[in-house]
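Enquirer: Residue numbers (the numbering used here), protein chains in the order written: chain A, 9 to 158; chain B, 9 to 158; chain C, 9 to 158; chain D, 9 to 158.
Sharing a structure with you now.
Number of protein chains: 4
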Amino acid sequence: MQTITPWIHKVQYYETDQMQVVHHSNFIRWFEECRVHILDEIGYGYDQLEAAGIASPVLTIEAKIGKSVHFGETVKIRAAIEKFDGIRLTLKYEVLRESDDVVCCTGKTGHCFLGADGRPISLKRKFPEVYEAFLALPKDFVGGGENDHQ
Amino acid sequence: MQTITPWIHKVQYYETDQMQVVHHSNFIRWFEECRVHILDEIGYGYDQLEAAGIASPVLTIEAKIGKSVHFGETVKIRAAIEKFDGIRLTLKYEVLRESDDVVCCTGKTGHCFLGADGRPISLKRKFPEVYEAFLALPKDFVGGGENDHQ
Amino acid sequence: MQTITPWIHKVQYYETDQMQVVHHSNFIRWFEECRVHILDEIGYGYDQLEAAGIASPVLTIEAKIGKSVHFGETVKIRAAIEKFDGIRLTLKYEVLRESDDVVCCTGKTGHCFLGADGRPISLKRKFPEVYEAFLALPKDFVGGGENDHQ
Amino acid sequence: MQTITPWIHKVQYYETDQMQVVHHSNFIRWFEECRVHILDEIGYGYDQLEAAGIASPVLTIEAKIGKSVHFGETVKIRAAIEKFDGIRLTLKYEVLRESDDVVCCTGKTGHCFLGADGRPISLKRKFPEVYEAFLALPKDFVGGGENDHQ
Numbered sequence: 009m010q011t012i013t014p015w016i017h018k019v020q021y022y023e024t025d026q027m028q029v030v031h032h033s034n035f036i037r038w039f040e041e042c043r044v045h046i047l048d049e050i051g052y053g054y055d056q057l058e059a060a061g062i063a064s065p066v067l068t069i070e071a072k073i074g075k076s077v078h079f080g081e082t083v084k085i086r087a088a089i090e091k092f093d094g095i096r097l098t099l100k101y102e103v104l105r106e107s108d109d110v111v112c113c114t115g116k117t118g119h120c121f122l123g124a125d126g127r128p129i130s131l132k133r134k135f136p137e138v139y140e141a142f143l144a145l146p147k148d149f150v151g152g153g154e155n156d157h158q
Numbered sequence: 009m010q011t012i013t014p015w016i017h018k019v020q021y022y023e024t025d026q027m028q029v030v031h032h033s034n035f036i037r038w039f040e041e042c043r044v045h046i047l048d049e050i051g052y053g054y055d056q057l058e059a060a061g062i063a064s065p066v067l068t069i070e071a072k073i074g075k076s077v078h079f080g081e082t083v084k085i086r087a088a089i090e091k092f093d094g095i096r097l098t099l100k101y102e103v104l105r106e107s108d109d110v111v112c113c114t115g116k117t118g119h120c121f122l123g124a125d126g127r128p129i130s131l132k133r134k135f136p137e138v139y140e141a142f143l144a145l146p147k148d149f150v151g152g153g154e155n156d157h158q
Numbered sequence: 009m010q011t012i013t014p015w016i017h018k019v020q021y022y023e024t025d026q027m028q029v030v031h032h033s034n035f036i037r038w039f040e041e042c043r044v045h046i047l048d049e050i051g052y053g054y055d056q057l058e059a060a061g062i063a064s065p066v067l068t069i070e071a072k073i074g075k076s077v078h079f080g081e082t083v084k085i086r087a088a089i090e091k092f093d094g095i096r097l098t099l100k101y102e103v104l105r106e107s108d109d110v111v112c113c114t115g116k117t118g119h120c121f122l123g124a125d126g127r128p129i130s131l132k133r134k135f136p137e138v139y140e141a142f143l144a145l146p147k148d149f150v151g152g153g154e155n156d157h158q
Numbered sequence: 009m010q011t012i013t014p015w016i017h018k019v020q021y022y023e024t025d026q027m028q029v030v031h032h033s034n035f036i037r038w039f040e041e042c043r044v045h046i047l048d049e050i051g052y053g054y055d056q057l058e059a060a061g062i063a064s065p066v067l068t069i070e071a072k073i074g075k076s077v078h079f080g081e082t083v084k085i086r087a088a089i090e091k092f093d094g095i096r097l098t099l100k101y102e103v104l105r106e107s108d109d110v111v112c113c114t115g116k117t118g119h120c121f122l123g124a125d126g127r128p129i130s131l132k133r134k135f136p137e138v139y140e141a142f143l144a145l146p147k148d149f150v151g152g153g154e155n156d157h158q
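What follows is the structure, encoded as structure tokens:
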């Protein structure tokens, strides 16, 4: 099983809104930051997938915000695979406040894979090494949190 | 029942990403644009709520993206109340391509209400007129789409 | 001289920051909204330019923010041509608060034109009709403001 | 003279636009990321300034984009003080591609300082330690680039 480090994000001023907290749309962007990070870690970054003609659009988004995040804080985002069959991929995420590992937000994104012609493909059949690399991603959150679910 | 018009949004260049489509995080922002719009329409805009010391943070987010949206297109966003008991509010949304009323994205956001001290309040007890105004919001999508579910 | 209408923008909650005003980066985005709008008005929208293989990247940005803009306000953005020789284009902008026509922000963006191969082109030589259309854009702000400089 | 490290930013997918490059508005946001970073480094972070009742709004923005920045790249942003008299502050910035230290963008932002009542203040008179700390910021770009101008 590949070791995956959490993605560290320093909260930016432009991410706040006038409620004095991070605007909720940024959690969705942080999920993407983490997704990009873990693909980089397994050696199949988005840029390489795109160079290979593979796109992986977001089909579904879910987020639950339990605690507001503030400017001046740093967060860790962790991802794990919830479901993957080579055609559909569901990732899950946790956003933790770095100072005390409190989980502020959890969420999921669902993806398919498109080939160069924009039509859905099976990673398993068309890009077996990429498929294998994805399979090696952790199924549960590990690294970076006190309460790892192993 | 209050008549509510859809929110019209012209897709902006800065909303696209290098997949040549609108970045998915913008759907969450468009939900907010529509939410702000319908509150304005019922006479209780966010700015007025905030002036009255009421905040309404986003607790949950859901979105399903069925069709990509592109620069050069205009979309209509419609909202309706899925659930409201004075303490929790769930809104649902539809993003339609204006040219042909195709639904590109659907979603939901869940909210609570906080008073000036940052603690949850019951709109029903504390702000009965706001509560009544929210109750008058449509329970299903109406206006602006060919396939209104009435 | 082509008549150009100002671009109307309702300030969004996600555009605010915790200083309770619109984050300054949005003025740059609003300049783009207006630029896209006036190109649509002269019949050469960005999407059409891109379809013709013309890109028009931003090379320089300038903005002066004189008054903060707030959530709940609506602004008008007006553009005019400061300089255009078929190779380089400089546009200037004014952001006015709609309620009282107070100018909140002024700015400029500088552009070149790239062909399908990503190299600079002369609009005048390669796309004379587009060149002519750009020439017809107003040289000073007109429409939508009390203090038009004519 | 305080040592200041450059701010490292990994380009995010949501920062790209359909021209396949980073949208220009993000340079303005990166300037802010760097500004926040160097204030943290000198021990007077934005959050501390705000806690002390000091706001520092952006009055002017300038940027020159010489090279496009792409997804998959990492950039370093460096800042230095161009002018500071305790009342007005002008910072200058350089965005360098990390892989080869090529300068992709340069820029400036101008600021004033507001007290808790929203009126301009002299840092020098009202917050002499903050004034001294700002004075200690480098006057030219140092650190993180091959071609340091020392």
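Backbone N, C-alpha and C define an ideal beta-carbon position, used for all residues, glycine too.
No experiment lies behind these values; they were computed from the predicted model shown.
1) Grab me the residues of Glu23 of chain B's own chain with a C-beta within less than 7 Å of its C-beta, minus the 5 sequence neighbours each way, in chain order.
2) Beta-carbon within less than 6 Å of Gln158 of chain A's beta-carbon, same chain only, minus the 5 sequence neighbours each way: which residues are those?
3) Residues of chain A with a CB under 9 Å from the CB of Ile69 of chain B: which are they?
4) So the beta strand (DSSP E) His17 of chain D belongs to, where does it begin and stop?
5) Quick one: measure Cβ to Cβ for Gly80 of chain B and Cys112 of chain B, integer angstroms, because I've assumed they're closer than 8 Å.
6) Say whether chain D places a C-beta atom closer than 7 Å to the C-beta of Gln28 of chain B.
7) Verify the CB distance criterion: does Gly80 of chain A have a CB-CB separation below 7 Å to chain D?
8) Residues of chain D with a CB under 9 Å from the CB of Glu40 of chain A: which are they?
9) Is the CB-CB distance between Glu40 of chain C and Trp15 of chain C below 7 Å?
10) Can you give me the Cβ contacts of His45 of chain D inside the same chain, cut-off strictly under 7 Å, excluding the 5 residues immediately before and after it?
11) Would you verify that the beta carbon of Gln158 of chain B is, or is not, closer than 7 Å to some beta carbon of chain D?
12) Exposed or buried, what is Arg133 of chain B when buried is set at 16 or more other beta-carbons lying within 10 Å of its beta-carbon?
13) Going by DSSP in three states, Val103 of chain D sits in which element: helix, strand or coil?
14) Confirm, please, whether the CB-CB distance from Lys116 of chain C to Glu49 of chain C is below 7 Å.
15) Leaving out five residues on either side along the sequence, give the residues of the same chain with a beta carbon under 7 Å from the beta carbon of Gly61 of chain A.
16) Checking 7 Å against the spacing of the C-beta atoms, do Ile85 of chain C and Trp38 of chain C come in under that value?
17) Can you list, in chain order, the residues of its chain with a C-beta nearer than 8 Å to that of Gly126 of chain B? Leave out the 5 residues immediately preceding and following it.
18) Alpha carbon to alpha carbon, what distance is there between Leu47 of chain D and Tyr54 of chain D?
19) According to DSSP, is Phe92 of chain B helix, strand or coil?
20) DSSP beta-bridge partners for Ala59 of chain A?
21) What are the uninterrupted segments assigned as beta strand (DSSP E) that are 3 or more residues long and contained completely in the stretch 38-84 of chain B, given in chain order?
22) Terminal residues of the continuous alpha helix (DSSP H) containing Val138 of chain B?
23) CA-CA distance, Glu102 of chain A and Val19 of chain A?
24) Anything in chain B within Cβ reach of Asp55 of chain C, meaning under 7 Å, just list it in chain order.
25) Identify the contact partners of Pro65 of chain D in chain C, using a Cβ-Cβ distance below 9 Å as the criterion.
26) Ile129 of chain A to Thr114 of chain A, Cα distance in whole Å?
27) Spatial neighbours of Lys91 of chain D within its chain, please: C-beta separation below 6 Å, excluding the five flanking residues on both sides.
28) Quick check on the DSSP output: the beta strand (DSSP E) that includes Lys116 of chain B runs from which residue to which?
29) For Ala87 of chain A, count neighbouring C-beta atoms within 10 Å of its own C-beta (all shown protein chains included) and say buried if the count is 16 or more, exposed if not.
30) Determine, using beta carbons only, whether Val83 of chain D and His17 of chain D come nearer to each other than 7 Å.
31) By Cβ distance, which residues of its chain are closer than 6 Å to Tyr52 of chain C, with the 5 residues on each side in sequence left out?
32) Under the assumption that Gln56 of chain C contacts Gln28 of chain A (Cβ atoms under 8 Å), give the Cβ distance between them as a whole number of angstroms.
33) Output, in sequence order along the chain, the residues in the stretch 88-122 of chain C whose CB is closer than 7 Å to any CB in chain B.
34) Alpha carbon to alpha carbon, how far is Lys100 of chain C from Phe121 of chain B?
Expert: Looking at the coordinates:
1) As a working mapping, residue 23 of chain B is identified with position 15 in the second sequence. Hits under 7 Å: Val30, His31, Asn34.
2) Indexing the first sequence from 1 puts residue 158 of chain A at position 150. Per-residue confidence for Gln158 of chain A stands at a pLDDT of 40, beneath the threshold of 50, marking its modelled position as unreliable; the derived number appears in the next sentence. Around Gln158 of chain A: no qualifying Cβ.
3) Stepping through the second sequence from its first residue, residue 69 of chain B is reached at position 61. Going along chain A in sequence order, the residues near Ile69 of chain B (Cβ under 9 Å) are His32, Ser33, Phe35, Ile36, Ile69, Glu70, Ala71, Lys72, Ile73, Gly115.
4) Numbered from its first residue, the fourth sequence carries residue 17 of chain D at position 9. Its beta strand (DSSP E) spans residues 15-18.
5) Along the second sequence, one-based indexing puts residue 80 of chain B at 72. Along the second sequence, one-based indexing puts residue 112 of chain B at 104. Actually they are not in contact, since the Cβ atoms of Gly80 of chain B and Cys112 of chain B sit about 14 Å apart, beyond 8 Å.
6) Numbered from 1 along the second sequence, position 20 holds the residue referred to as residue 28 of chain B. So, interface residue.
7) Indexing the first sequence from 1 puts residue 80 of chain A at position 72. Yes, because at least one Cβ of chain D sits closer than 7 Å to the Cβ of Gly80 of chain A.
8) The residue you call residue 40 of chain A lines up with position 32 of the first sequence. Residues of chain D passing the Cβ test: Gln20, Tyr21, Tyr22.
9) Reading the third sequence from its first residue, position 32 is the one you call residue 40 of chain C. Reading the third sequence from its first residue, position 7 is the one you call residue 15 of chain C. The answer is no: Cβ separation not under 7 Å.
10) As a working mapping, residue 45 of chain D is identified with position 37 in the fourth sequence. Taken in chain order, the residues that qualify are Trp15.
11) For this step, residue 158 of chain B is matched to residue 150 along the second sequence. Because the pLDDT at Gln158 of chain B is just 40, under 50, the model does not fix this residue reliably, and the point stays unresolved.
12) Translated into the one-based positions of the second sequence, residue 133 of chain B becomes position 125. So Arg133 of chain B counts as exposed.
13) As a working mapping, residue 103 of chain D is identified with position 95 in the fourth sequence. Residue state, collapsed to three classes: strand.
14) Here residue 49 of chain C refers to the residue found at position 41 when the third sequence is read from its first residue. Here residue 116 of chain C refers to the residue found at position 108 when the third sequence is read from its first residue. No, the pair does not count as a contact, with Cβ atoms beyond the cut-off.
15) Against the first sequence, residue 61 of chain A aligns to sequence position 53. Counting only Cβ-Cβ distances below 7 Å, and skipping sequence neighbours, we find Gly123, Ala124.
16) By 1-based counting over the third sequence, the position of residue 85 of chain C is 77. By 1-based counting over the third sequence, the position of residue 38 of chain C is 30. In this structure, Trp38 of chain C lies closer than 7 Å to Ile85 of chain C by Cβ.
17) What you label residue 126 of chain B is simply residue 118 of the second sequence in a count that begins at 1. Ala63, listed in sequence order.
18) Numbered from 1 along the fourth sequence, position 46 holds the residue referred to as residue 54 of chain D. Numbered from 1 along the fourth sequence, position 39 holds the residue referred to as residue 47 of chain D. Straight-line Cα distance between these residues: approximately 7 Å.
19) Position 84 of the second sequence holds residue 92 of chain B. If DSSP states are grouped into helix, strand and coil, Phe92 of chain B belongs with the strands.
20) Residue mapping note: residue 59 of chain A aligns to position 51 of the first sequence, counting from 1. None; Ala59 of chain A has no bridge partner.
21) 66-73
22) As a working note, residue 138 of chain B is residue 130 in the second sequence. Val138 of chain B -> alpha helix (DSSP H) spans 136-143.
23) Within the first sequence, numbered from 1, the residue matching residue 102 of chain A stands at position 94. Within the first sequence, numbered from 1, the residue matching residue 19 of chain A stands at position 11. Roughly 15 Å between the two C-alpha positions.
24) What you label residue 55 of chain C is simply residue 47 of the third sequence in a count that begins at 1. The contacting residues are Phe79, Gly80.
25) Sequence index remark: in the fourth sequence, residue 65 of chain D carries index 57 (1-based). Result: Met27, Val29, His32, Ile73, Ser76.
26) Position 121 of the first sequence, counted from the first residue, corresponds to residue 129 of chain A. Position 106 of the first sequence, counted from the first residue, corresponds to residue 114 of chain A. So the alpha carbons of these two residues sit roughly 29 Å apart.
27) Here residue 91 of chain D is taken as the residue at index 83 of the fourth sequence, counted from 1. Same-chain partners within the cutoff: Thr98.
28) If you number the second sequence from 1, residue 116 of chain B lands on position 108. Per DSSP, Lys116 of chain B belongs to the beta strand (DSSP E) from 111-120.
29) In the first sequence, the residue the question calls residue 87 of chain A occupies position 79. Buried, since its Cβ has 16 or more Cβ neighbours within 10 Å.
30) Here residue 83 of chain D is taken as the residue at index 75 of the fourth sequence, counted from 1. Here residue 17 of chain D is taken as the residue at index 9 of the fourth sequence, counted from 1. Yes, Cβ-Cβ distance for Val83 of chain D and His17 of chain D is below 7 Å.
31) Position 44 of the third sequence, counting from 1, holds the residue named residue 52 of chain C. So the list reads Val138, Ala141, once near-sequence residues are dropped.
32) For the purposes of this step, residue 56 of chain C is identified with residue 48 of the third sequence, where counting begins at 1. For the purposes of this step, residue 28 of chain A is identified with residue 20 of the first sequence, where counting begins at 1. Rounded, the Cβ-Cβ distance is 43 Å, inconsistent with contact.
33) none
34) Here residue 100 of chain C refers to the residue found at position 92 of the third sequence. Here residue 121 of chain B refers to the residue found at position 113 of the second sequence. Straight-line Cα distance between these residues: approximately 43 Å.
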